[in-house]
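Chemist:
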Amino acid sequence: MEFLGGPLTPSSPRIPCYRTLDGTGKHIPDAVVPHDLQQQDAVALYTAMAKLQVMDTICYDAQRQGRFSFFMTCAGEEATVVGSAAGLDPRDMVFSQYREHGVLLWRGFSFDDFANQLYGNSLEPGQGRQMPIHYGSKELNYQTVSSPLATQLPHAAGAAYAMKLDGADTVAAAYFGEGASSEGDFHAALNFAATLGAPCLFICRNNGYAISTPANEQYAGDGIACRGTAYGMPAIRVDGGDARAVYCATRAAREIALRDGCPVLIEAMSYRSGHHSTSDDSSRYRTREEMVAWRARDPVVRFRHWLVANAWWDEEREKQLRHATRQQVIEALEKASKVAKPPVSALFSDVYADMPWHLQEQLQETLQVARRHPHLCPPDMPVQ
Amino acid sequence: MDSNDKALVFGEDVAFGGVFRCTVGLLERYGRRCFNTPLCEQGIVGFGIGLATQGYTPIAEIQFADYIYPAFDQLVNEAAKYRYRSGGTFTAGGLTVRAPYGAVGHGGHYHSQSVESFFTHVPGLKVVVPSSPAQAKGLLLSCIQDPDPCIFFEPKMLYRTSVEEVPVGEYTIPLGQAQMLREGADITLIGWGAQVHVLAQAAQAVADADGISCEVLDLRTLLPWDVQAVTASVNKTGRLLVSHEAPLSSGFGAELVAEVSRRCFLRLEAPPVRVCGSDTPFPLVFEPLYLPGVERVVDAIRATVRF
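Line by line, the protein sequences give chains A and B. Position 225 of the first sequence, counting from 1, maps to 225 under the UniProt record's numbering, and the rest follow consecutively. Position 113 of the second sequence, counting from 1, maps to 113 under the UniProt record's numbering, and the rest follow consecutively.
What follows is the structure, given as structure tokens:
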């Protein structure tokens with residue numbers, strides 16, 4: 001009679017971590033690289049990660065200046081998000097959590113698109129109804145972000161199942177953090193996907209923190225990857241700071257999912273270098289030393305070192321890219337700030353496909369309120 | 001299932017026919033389009049939402065309305081808001097959730113609940129309750145075809161006891177429309193589901209014994225509800241009685257009474273009254289006292305008419 005498992009000790013076996021570049025961005029000899037990146041793709045990947053960093057920095061500062069109410073960066077996780085995005089097909093439906101806007105950027109979401117959503121103006125599909133960073137894009141196959149955690153995971157399982165029924169050659173990809181993986185919807189989604197056979201990628205960004213809660217207060221077992229086995233699906237742990245490894249793992253996972261009509265779990269180990277959001281000050285729960293140590297392994301820098309070693313990138317191009325991106329992002333924010341807000345009627349439309357009687361009544365009442373008390377309306381919101 | 005090959009029926013135990021035999025024969029006729037899921041309501045609804053986003057017509061069963069709560073987050077925060085938050089670029093409108101609800105004589109706390117008022121409070125959902133087999137077919141088909149996510153509560157008491165001629169072939173009953181079951185002059189009785197039959201009984205009883213003429217409305221859809229039919233009736237009769245099995249306080253009757261009081265205030269001859277379940281968990285041996293049975297409804301009709 002033998003009991004398996006138990007609390008993790010330093011000598012407990014752990015699922016190994018797949019990586020192809022070391023902490024300084026040097027290629028690891030004998031690393032398994034089934035889909036090596038050629039110059040064009042590598043530069044595209046790097047460019048996207050660098051742009052993401054620039055956009056994040058400027059938008060974070062813009063929020064601090066009061067230009068819009070809220071922002072979240074993905075500092076430290078650029079390789080996880082962009083590397084996996086590159087490993088997917090643009091037709092794959094993405095169900096994200098909230099820190100994966102790098103997928104959108106990779107797929108072609110413009111700085112204008114980002115800025116419009118941040119300002120909640122009349123040009124963004126969400127019509128100013130949700131907080132900033134709740135992006136979505138039908139054209140780019142990126143489901144609109146919602147704040148509740150892990151709710152997107154069962155959606156992805158269902159969407160993937162639909163794709164299988166359709167005989168499509170696409171997958172659904174769900175992103176989530178290690179914190180969200182404690183939610184019941186994580187369990188529901190993986191169990192459904194495995195038992196019903198849904199070609200869904202479950203991509204976990206294990207970034208070490210759920211706001212202030214460190215990962216060792218989030219779970220007692222060997223992270224998230226080990227749960228895949230429990231549910232009967234293949235799983236891999238990958239160095240989330242190694243863009244090439246993430247890219248390879250995602251492509252391979254996608255192939256497995258399509259070939260076998262099954263889900264695959266990817267746990268990407270990384271570090272949330274930034275605060276949880278503009279509402280957070282992480283110096284209150286972690287040390288400078290820890291942050292500095294991880295900054296030294298910045299995934300964007302690591303990947304740049306690899307490009308430079310291949311003579312695919314240089315300082316001059318770096319400067320130009322960062323400068324040009326800075327200008328573009330600032331311009332986009334400026335432009336978006338001047339676009340009118342959606343009209344008052346957008347408060348009441350889209351609750352249902354057709355506006356029922358009680359919303360029609362309430363719309364009329366609200367228009368009267370807006371006319372009687374104009375200060376309740378943002379100045380550039382049409383009262384109609 | 002015949003007319004829409006993207007219609008899927010799934011949930012716990014639906015494949016063998018379901019614990020109430022609602023899905024008998026579907027596996028044989030439609031194969032993999034009728035399938036069992038693991039035992040997990042939040043998964044059933046979440047999975048259904050995902051199917052709906054891909055253009056499928058998921059018809060998800062929750063085995064008892066008493067067990068719908070794990071799916072509350074998916075219904076309220078996700079399904080209901082899917083269209084609004086994306087500006088209509090994504091919707092979960094193809095989703096229909098069916099659940100047996102209501103008293104069954106011996107169900108106690110967890111096989112008898114009426115949960116409709118948790119959901120009538122959620123913008124973006126539709127809530128529908130049939131009162132008979134013919135109503136059930138027409139209303140369910142409307143829910144399935146409706147472009148918004150619908151919750152369809154089936155009164156389990158009526159699965160065995162309700163017998164009716166049901167037209168073969170496809171037909172729908174419009175959502176948002178009440179049905180007048182009995183025309184009357186002295187008081188409007190409003191209910192839904194199994195309770196409609198209690199009201200019909202009470203109406204007959206007071207007609208025979210007291211010569212009181214009741215107008216009985218089956219609301220059928222609770223969200224959105226048929227304000228025209230209700231106010232037209234109360235403006236005619238001047239009296240309102242709403243009755244539901246769900247507990248009195250904050251039940252859907254409160255919403256009807258509040259709106260009717262506002263819209264028909266000067267016409268009312270008596271305070272609107274609610275005859276409902278007690279504000280307690282649904283009890284077992286006390287069920288006849290808990291439920292708003294015909295005796296309590298009749299008492300309330302007489303008191304209101306004599307106000």
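Where a beta carbon is used, it is the ideal one built from N, C-alpha and C, also for glycine.
1) Return the bridge partner residues of B/Lys126 from the DSSP annotation.
2) Starting from the beta carbon of B/Pro38, find every residue of chain A whose beta carbon is closer than 7 Å, and list them in chain order.
3) Which bits of chain B does A/Tyr60 rub up against, with CB to CB less than 8 Å?
4) Return the first residue and the last residue of the alpha helix (DSSP H) that A/Ala180 is part of.
5) Is any beta-carbon of chain A found at less than 8 Å from that of B/Ser86?
6) In the DSSP assignment, find the beta strand (DSSP E) that holds A/Tyr98 and state where it starts and stops.
7) Just to confirm the assignment, what range does the beta strand (DSSP E) spanning B/Phe35 have?
8) Identify every residue that forms a DSSP beta bridge with B/Gly277.
9) What runs of the alpha helix (DSSP H), each 4 residues or longer, lie entirely inside the segment 116-181 of chain A?
10) Between the beta-carbon of B/Leu199 and the beta-carbon of B/Ser250, is there less than 8 Å?
11) Who are B/Tyr101's beta bridge partners in DSSP?
12) Distance, Cα to Cα, A/Pro299 vs A/Met233?
13) Nearest to B/Gly50 by alpha carbon, out of A/Glu315, A/Ala189, A/Gln364, A/Phe348?
14) Can you give me the C-alpha to C-alpha distance between residue 308 of chain B and B/Gly107, rounded to a whole angstrom?
15) Sort out for me which residues DSSP pairs A/Cys226 with in a bridge.
16) By a C-beta neighbour count over all protein chains shown, 10 Å radius and 16 as the cutoff for buried, is A/Pro374 buried or exposed?
17) So which residues on chain A does B/Gln74 lean against when the C-beta distance must stay under 8 Å?
18) Is B/Ser213 closer than 8 Å to B/Ala207 when the C-beta atoms are compared?
19) Taking 8 Å as the threshold (C-beta atoms), are B/Asn4 and B/Thr57 in contact?
20) Between A/Ala188 and chain B, is there a C-beta pair that is closer than 8 Å?
21) With 16 as the cutoff for other CB atoms within 10 Å, does B/Gly25 come out buried or exposed?
22) Give me the chain B residues within the contact set of A/Val351, using Cβ-Cβ distance strictly less than 7 Å, ordered along the chain.
23) Can you pull the chain A residues whose beta carbon is under 9 Å from the beta carbon of B/Asn77, in chain order?
24) When DSSP builds the beta bridges, which residues end up paired with A/Arg205?
25) By the DSSP assignment, the beta strand (DSSP E) with A/Ile236 in it spans what residues?
26) Would the beta-carbon of A/Cys74 fall within 8 Å of that of A/Leu52?
27) Any idea if A/Gln364 is buried or exposed, counting beta-carbon neighbours within 10 angstroms, 16 or more meaning buried?
28) I need the boundaries of the alpha helix (DSSP H) containing B/Gln179, first residue and last residue.
29) Using three-state DSSP, classify B/Thr237 as helix, strand or coil.
30) Looking at C-alpha atoms only, which residue of A/Asp242, A/Ala225, A/Lys138, A/Arg67 is the closest neighbour of A/Leu201?
31) List the residues of chain B whose Cβ lies closer than 7 Å to the Cβ of A/Pro125, in chain order.
32) Sort B/Pro123, B/Ala99, B/Thr89 by Cα distance to A/Met355 and report the nearest one.
33) Do B/Thr304 and B/Leu217 have their CB atoms nearer than 8 Å?
34) Could you give the distance in angstroms between the alpha-carbon of A/Arg288 and the alpha-carbon of A/Tyr209?
35) Measuring CA to CA, which of A/Gly240, A/Pro7, A/Asp380 is closest to A/Met269?
36) Suppose contacts are defined by Cβ-Cβ distances below 8 Å. Is A/Pro342 in contact with A/Ser182 by that definition?
Modeler: Reading from the atomic positions:
1) Position 126 of the second sequence, counting from 1, holds the residue named residue 126 of chain B. B/Cys150.
2) In the second sequence, counting from the first residue as 1, residue 38 of chain B sits at position 38. Chain A residues near B/Pro38: Asn191, Phe192, Thr195.
3) The residue labelled residue 60 of chain A in the question sits at position 60 within the first sequence. By Cβ distance, chain B contributes nothing, its closest Cβ being about 23 Å from A/Tyr60, past 8 Å.
4) On the first sequence, residue 180 of chain A is found 180 positions in, with the first residue counted as 1. Counting along the chain, A/Ala180 falls outside any alpha helix (DSSP H), and DSSP gives it neither H nor E.
5) As a first step, residue 86 of chain B must be located in the second sequence, where it is residue number 86. Cβ-Cβ to chain A under 8 Å: yes for B/Ser86.
6) The residue you call residue 98 of chain A lines up with position 98 of the first sequence. Note, A/Tyr98: premise wrong, no beta strand (DSSP E); not H, not E.
7) The sequence position of residue 35 of chain B within the second sequence is 35, counting from 1. 34-36 is the span of the beta strand (DSSP E), which, as asked, contains B/Phe35.
8) As a first step, residue 277 of chain B is located in the second sequence; it is residue number 277 there, counting from the start. DSSP output for B/Gly277 lists B/Pro247 as bridge partner(s).
9) 152-166
10) By 1-based counting over the second sequence, the position of residue 199 of chain B is 199. By 1-based counting over the second sequence, the position of residue 250 of chain B is 250. In this structure, B/Ser250 does not lie closer than 8 Å to B/Leu199 by Cβ.
11) Here residue 101 of chain B refers to the residue found at position 101 when the second sequence is read from its first residue. BP columns for B/Tyr101 point to B/Pro155.
12) Taking the first sequence and counting its residues from 1, the one referred to as residue 299 of chain A is at position 299. Taking the first sequence and counting its residues from 1, the one referred to as residue 233 of chain A is at position 233. Cα-Cα distance, rounded: 28 Å.
13) Taking the first residue of the second sequence as 1, we reach residue 50 of chain B at position 50. Of the candidates A/Glu315, A/Ala189, A/Gln364, A/Phe348, the one whose C-alpha sits nearest the C-alpha of B/Gly50 is A/Ala189.
14) The question about residue 308 of chain B has no answer here: the residues shown for chain B are numbered 1 through 307.
15) Start at 1 with the first residue of the first sequence, and residue 226 of chain A comes out as number 226. DSSP, once it has assigned bridges, lists no residue as partnering A/Cys226.
16) In the first sequence, residue 374 of chain A corresponds to position 374, counting from 1. When all chains shown are included, A/Pro374 counts as exposed.
17) Within the second sequence, residue 74 of chain B is the residue found at index 74, counting from 1. Ordered by position in chain A, the residues that pass the 8 Å Cβ test against B/Gln74 are Thr151, Pro154, Asp185.
18) By one-based count along the second sequence, residue 207 of chain B stands at place 207. By one-based count along the second sequence, residue 213 of chain B stands at place 213. Cβ atoms of B/Ala207 and B/Ser213: closer than 8 Å.
19) Residue mapping note: residue 57 of chain B aligns to position 57 of the second sequence, counting from 1. Residue mapping note: residue 4 of chain B aligns to position 4 of the second sequence, counting from 1. In contact: B/Thr57 and B/Asn4 (Cβ atoms closer than 8 Å).
20) Against the first sequence, residue 188 of chain A aligns to sequence position 188. Chain B, which has a Cβ nearer than 8 Å to the Cβ of A/Ala188, makes this yes.
21) The count along the second sequence starts at 1 and reaches residue 25 of chain B at position 25. Counting Cβ neighbours within 10 Å, B/Gly25 comes out exposed, since fewer than 16 surround it.
22) Position 351 of the first sequence, counted from the start, is the residue given in the question as residue 351 of chain A. Under the 7 Å cutoff, chain B gives Tyr84, Pro123, Gly124.
23) Taking the second sequence and counting its residues from 1, one reaches residue 77 of chain B at position 77. Per Cβ cutoff of 9 Å: Ser146, Ser147, Pro148, Thr151.
24) By one-based count along the first sequence, residue 205 of chain A stands at place 205. Paired residues: A/Gly177, A/Ala268.
25) For this step, residue 236 of chain A is matched to residue 236 along the first sequence. Run containing A/Ile236: 235-239, per the beta strand (DSSP E) assignment.
26) Here residue 74 of chain A refers to the residue found at position 74 of the first sequence. Here residue 52 of chain A refers to the residue found at position 52 of the first sequence. For A/Cys74 and A/Leu52, yes; Cβs fall inside 8 Å.
27) Here residue 364 of chain A corresponds to residue number 364 of the first sequence, with the count starting at 1. When all chains shown are included, A/Gln364 counts as exposed.
28) The residue you call residue 179 of chain B lines up with position 179 of the second sequence. Counting along the chain, B/Gln179 falls outside any alpha helix (DSSP H), though it belongs to the beta strand (DSSP E) covering 179-182.
29) For this step, residue 237 of chain B is matched to residue 237 along the second sequence. Three-state result, B/Thr237: helix.
30) What you label residue 201 of chain A is simply residue 201 of the first sequence in a count that begins at 1. Looking at the Cα atoms, A/Ala225 is the closest of the given residues.
31) Translated into positions along the first sequence, residue 125 of chain A becomes position 125. Those within 7 Å of A/Pro125 in chain B are Ser86, Gly87, Thr89.
32) As a first step, residue 355 of chain A must be located in the first sequence, where it is residue number 355. For A/Met355, the nearest C-alpha among the options comes from B/Pro123.
33) Counted from its first residue, the second sequence places residue 304 of chain B at position 304. Counted from its first residue, the second sequence places residue 217 of chain B at position 217. No.
34) Indexing the first sequence from 1 puts residue 288 of chain A at position 288. Indexing the first sequence from 1 puts residue 209 of chain A at position 209. Between the alpha carbons of A/Arg288 and A/Tyr209 lies a distance of about 15 Å.
35) Sequence index remark: in the first sequence, residue 269 of chain A carries index 269 (1-based). Nearest C-alpha to A/Met269: A/Gly240.
36) Counted from its first residue, the first sequence places residue 342 of chain A at position 342. Counted from its first residue, the first sequence places residue 182 of chain A at position 182. Contact: no.
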